[in-house]
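Notes follow the structure.
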Amino acid sequence: MTQTGKCDTCRQRKVKCDEEKPKCGACRKKDRPCSYSYGKASAFIVQDPNQLTKHGKSRVSPVVYNLESSSEATHSPASTPSDLHITTAREAGNGQGFFQTLAPLSKRKVAASRRSEAQRRRKLELYLHHLQLERTLTAIKPSCPETTLIARYIDMVGSVSIDHQPLSILGTWIESIPSRIGSNRMMDLAVDFFVHSYAVYCNDTYSQRKLASASKEKALKELQLFVHDRGNRPTYDVVLATKMHYASEALLGIDTMYHAIHAYGLAELLKSGFVSDVDDEHFWNLIDNTYIDDVNEAMLAGRNSTYDNEFYLSSTLPPPFESDTIVLSASQRASMAMMHVYIQFPRLNNLIRHAVTHQEDTTTLAAAVTLTESLWQLNVPKHVAPLLSEVVSISPRPVEGLTDIMADSLHFASVQAMVSCTRYWMLMIVLGGFVDTLHRHFPSQTSLSLLPNRDLMQEIEMDAANQLAKSMPWADSLSQKLPLVPLRLHTPLQVSIGAWYRSIRRLGSKQPSNTDLDPVSSMEMDQEMAHARLMIDWIIEECNQIHRRWDVSMVDETPLFEALDAMAGEKIPSWLPVRVSFEAEDGELVMSLAYQNADGTYDDSYDLTDNPPKSIIDSHTNEWRKSAGLPHFDISPKDPDGARKKVNQYPKLEPRELANLVHRTGRNLCSTSGWWPKFGEEGSATLMDSTHKISAFSNMPRPEQSDVEEISEGYVDPHPCFTSSFLPQMPNSLSSSVRTTPRNPCLSPAWSSPMSRTPANSDDTIRDDRCTPISEVTDLTEPSTSTPDNPDRGKGVRQDFW
0 MTQTGKCDTC RQRKVKCDEE KPKCGACRKK DRPCSYSYGK ASAFIVQDPN QLTKHGKSRV
60 SPVVYNLESS SEATHSPAST PSDLHITTAR EAGNGQGFFQ TLAPLSKRKV AASRRSEAQR
120 RRKLELYLHH LQLERTLTAI KPSCPETTLI ARYIDMVGSV SIDHQPLSIL GTWIESIPSR
180 IGSNRMMDLA VDFFVHSYAV YCNDTYSQRK LASASKEKAL KELQLFVHDR GNRPTYDVVL
240 ATKMHYASEA LLGIDTMYHA IHAYGLAELL KSGFVSDVDD EHFWNLIDNT YIDDVNEAML
300 AGRNSTYDNE FYLSSTLPPP FESDTIVLSA SQRASMAMMH VYIQFPRLNN LIRHAVTHQE
360 DTTTLAAAVT LTESLWQLNV PKHVAPLLSE VVSISPRPVE GLTDIMADSL HFASVQAMVS
420 CTRYWMLMIV LGGFVDTLHR HFPSQTSLSL LPNRDLMQEI EMDAANQLAK SMPWADSLSQ
480 KLPLVPLRLH TPLQVSIGAW YRSIRRLGSK QPSNTDLDPV SSMEMDQEMA HARLMIDWII
540 EECNQIHRRW DVSMVDETPL FEALDAMAGE KIPSWLPVRV SFEAEDGELV MSLAYQNADG
600 TYDDSYDLTD NPPKSIIDSH TNEWRKSAGL PHFDISPKDP DGARKKVNQY PKLEPRELAN
660 LVHRTGRNLC STSGWWPKFG EEGSATLMDS THKISAFSNM PRPEQSDVEE ISEGYVDPHP
720 CFTSSFLPQM PNSLSSSVRT TPRNPCLSPA WSSPMSRTPA NSDDTIRDDR CTPISEVTDL
780 TEPSTSTPDN PDRGKGVRQD FW
């Protein structure tokens with residue numbers, strides 16, 4: 000039978016104890032410390048049950064309130080001189096020494112016991128006060144799921160201001176989400192998926208991914224139901240939810256490219272411009288941070304921008320500076336001018352490419368030169384100058400890796416300011432690439448045009464490239480935990496390589512023809528080429544660092560140069576997929592890559608659910624690879640007996656290698672708007688979730704636009720896989736009389752903000768006379784491409800999708 004009254008020493012030694020106090024007989028006999036603490040409360044331990052794991056362990060350290068310290072425990076230590084005091088003393092009879100009488104410190108011990116009791120009472124009072132505070136806080140804790148979700152979202156965004164919040168690269172709408180939570184279940188589940196995806200990015204564990212996967216499935220199903228219940232009409236809530244799905248998939252892993260389907264949905268929702276129940280404060284900013292990805296991808300895929308239609312062309316035409324009826328902020332004016340130019344870049348890219356490959360087609364050449372002139376005469380630098388003066392300043396921080404040539408860098412007032420400024424510098428570089436291509440291939444025709452000369456354009460390009468390089472330190476400084484800002488800077492930085500690449504090409508072409516150059520001029524040319532080479536190497540390394548952060552494949556220099564040439568109107572290289580789509584085949588999710596060369600167009604499909612991925616290759620693919628000059632891959636693995644399997648596989652490919660293939664070709668990590676899924680008779684799109692549900696946008700009818708006049712395409716690319724035969728989009732050019740004037744942008748829903756509202760009697764015909772309207776060059780942008788075999792080729796094809 001267990002003896003409960005033992006002292007601590009006897010209990011530890013497992014011997015009998017007579018339980019005498021203050022010191023038992025066994026301890027007194029061996030002069031051991033003796034204490035009785037068994038069964039007594041020594042501390043209050045406070046734990047939050049919500050912070051316990053499923054095994055009962057606390058995730059955080061509990062709060063301990065000690066009722067007594069070790070020195071205050073009731074015990075009788077061994078008798079030592081330090082525990083006794085002298086009561087009497089007398090001299091010895093022989094005169095040698097003294098006799099002293101010692102006694103225990105009983106009075107002091109009582110005093111210490113009183114102090115200990117007072118301390119215990121004080122600690123108990125503090126603990127009770129702590130409980131009262133907790134009870135007070137409990138009254139204001141979230142009491143419903145919506146309030147809890149708001150708290151989780153605010154915790155994700157943090158206390159950082161919107162100006163320096165990395166998530167604000169998605170748009171200023173992120174600050175309006177708490178006020179919209181609770182409005183409908185679709186929005187709440189999209190926010191929940193967003194928060195769970197952010198948690199996975201910060202702490203990628205199995206349990207976190209399992210929660211995110213469950214949240215994703217519920218959010219996608221609710222998105223489909225919401226779209227169906229609203230009569231398949233685009234609403235602002237659907238746009239926001241789709242944008243959050245896009246961001247969530249990117250946070251879960253860019254290498255999967257699952258966010259591509261949501262980029263497609265966003266483009267389809269926004270391309271008409273008719274969205275109901277919009278938030279006037281944030282709607283335009285959402286568009287401004289969405290369309291650019293479509294533009295980048297369209298230029299690489301050889302198609303026109305989804306936003307290149309009458310609504311956006313008229314809505315983004317900037318008003319003249321001297322207008323008194325239209326008041327725009329510096330950021331609004333800059334955004335309008337840049338979008339007006341950007342959405343026409345893919346169409347201009349196609350015109351130049353067609354003119355280069357069809358030298359006899361003077362009509363297309365005239366259309367390309369005219370459109371380039373109109374974009375140049377819009378004078379975007381003048382419209383952006385007020386914004387640059389407001390939001391950009393010089394920082395003494397040098398550019399890492401270029402400290403000898405860039406001792407300072409740029410500082411931006413906000414993330415949105417950096418996005419706008421770097422987008423402007425990228426615009427000037429892309430425009431410089433178009434001008435350079437026209438000058439190289441058509442020197443006599445462009446000499447009589449209004450285009451800037453090559454020297455001036457090269458100077459503008461290189462200055463813009465330098466400003467982009469100086470923007471990198473500020474982008475890196477914002478958040479190492481969530482490097483979204485460098486990710487948004489990735490495309491402008493990569494495009495800036497084109498400025499240095501064209502400089503090297505131009506200097507290299509001069510050297511053989513200038514053998515009589517003096518040593519000084521020759522040395523200057525060598526220094527310029529060395530500087531350009533240094534900048535290219537530095538930019539590629541910066542881009543690769545961004546790729547490492549997001550765990551995708553590195554950039555290769557040679558294919559990157561070819562991709563940059565393709566963005567400047569040159570031929571699309573045969574190795575570059577002109578189209579990437581996701582389809583459901585026999586219940587499996589596959590990624591389809593479309594290639595095009597002189598012999599035709601071929602498709603490769605890859606099963607994304609296999610590990611390693613399985614290739615479902617067309618029977619003519621290897622023949623096409625050979626004719627295209629690509630290396631031949633024997634992709635049929637052998638059985639142990641030497642026989643070939645029927646299923647083709649890439650033995651060296653990792654599960655993400657197919658996604659890396661797309662990133663390695665120079666595509667922007669964010670640019671996925673051109674990777675459309677197929678619709679119609681030849682294929683079906685999937686929403687890319689675990690259940691392979693059909694996209695919520697697959698059956699949405701296009702909103703009626705009775706006031707938009709139907710006309711033919713301005714340009715039909717000769718590649719059948721580029722254009723409307725696959726892409727359900729509006730006509731890429733507009734037809735109207737010369738007297739037609741663009742709509743007043745302030746009458747558009749995209750500009751219905753307090754800063755841009757116009758009085759009722761404003762003149763709708765106000766326009767910038769320096770910009771040639773697209774309607775005036777319609778005849779020049781419609782080359783005849785019909786053939787006897789295909790008499791309808793070159794005519795506008797409108798495929799209803801909504």
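If you count the sequence shown from 1, position 755 lands on 754 in numbering that gives the first Met the number 0, and the numbers rise without skipping.
The beta carbon of each residue, even a glycine, is placed where N, CA and C say it ideally should be.
Whole angstroms is fine: what's the gap from residue i's alpha carbon to residue j's?
i	j	result
S448	V368	8 angstroms
R504	M155	47 angstroms
E389	A262	32 angstroms
V418	S57	43 angstroms
L125	V63	12 angstroms
R12	R121	35 angstroms
S182	L166	22 angstroms
V379	P395	29 angstroms
N49	A150	16 angstroms
K509	D407	33 angstroms
I472	V398	Note that residue 472 is Pro in the sequence shown here, rather than Ile. Going by the C-alpha atoms only, they are around 6 angstroms apart.
V519	S476	41 angstroms
H489	C542	6 angstroms
P345	T371	12 angstroms
D360	V434	19 angstroms
I44	R179	41 angstroms
V554	A463	22 angstroms
A329	V383	7 angstroms
D60	L51	Checking the sequence shown, residue 60 turns out to be Ser, not Asp. Using only the alpha carbons, I get a separation of about 11 angstroms.
K570	L483	32 angstroms
Pull the bridge partners of residue i from the DSSP assignment, please.
i	result
F411	V391
A578	Per the sequence shown, the amino acid found at residue 578 is Arg instead of Ala. According to DSSP, which records beta bridges pairwise, R578 is partnered with A593.
S57	L51
I44	V63
S275	T234
Buried or exposed, going by whether 16 or more other CB atoms sit within 10 Å of the CB of residue i?
i	result
C420	buried
S214	buried
G38	exposed
E267	buried
R422	buried
L575	buried
K381	exposed
L123	exposed
P144	exposed
P753	Summary for P753: the model assigns pLDDT 32, below 50, so the residue's position carries little reliability; its value from the coordinates is reported in the next sentence. Label assigned to P753: exposed.
Closest to residue i by CA distance: which of the options is it?
i	options	result
S313	E321, N303, M335, S330	M335
H244	D254, A259, P233	A259
Y205	P233, L486, L251, C26	L251
A468	T402, L455, P482, R453	T402
S502	P451, V414, E216, A531	A531
E18	T3, D564, S275	T3
L210	L222, N452, F192	F192
T436	D564, S470, K15, Y306	D564
L130	D47, R114, H195	D47
K533	V294, Y500, W549	Reading off the sequence, residue 533 comes out as Leu, not Lys. The residue with the shortest Cα to Cα distance from L533 is Y500.
A802	I535, P451, L51, L492	Here the chain has residues from 0 to 801 only, and residue 802 is not among them.
A246	R232, Y197, F411	Y197
N348	Q331, R302, D287	R302
R487	H54, N288, Y35	N288
S573	H227, A593, F320	A593
Mind reading off the beta-carbon distance from residue i to residue j? Whole number of angstroms is fine, and I expect it under 8 angstroms.
i	j	result
F225	V237	7 angstroms
L219	K242	So it is not a contact: roughly 14 angstroms between Cβ atoms.
H339	L377	7 angstroms
S304	I342	5 angstroms
I253	V551	6 angstroms
V391	Q164	About 19 angstroms; that fails the 8 angstroms criterion.
M456	G431	5 angstroms
Could you tell me if the beta carbon of residue i falls within a distance shorter than 7 angstroms of some heavy atom in the ligand GDP?
i	result
K22	The model depicted lacks the ligand GDP and carries no ligand whatsoever.
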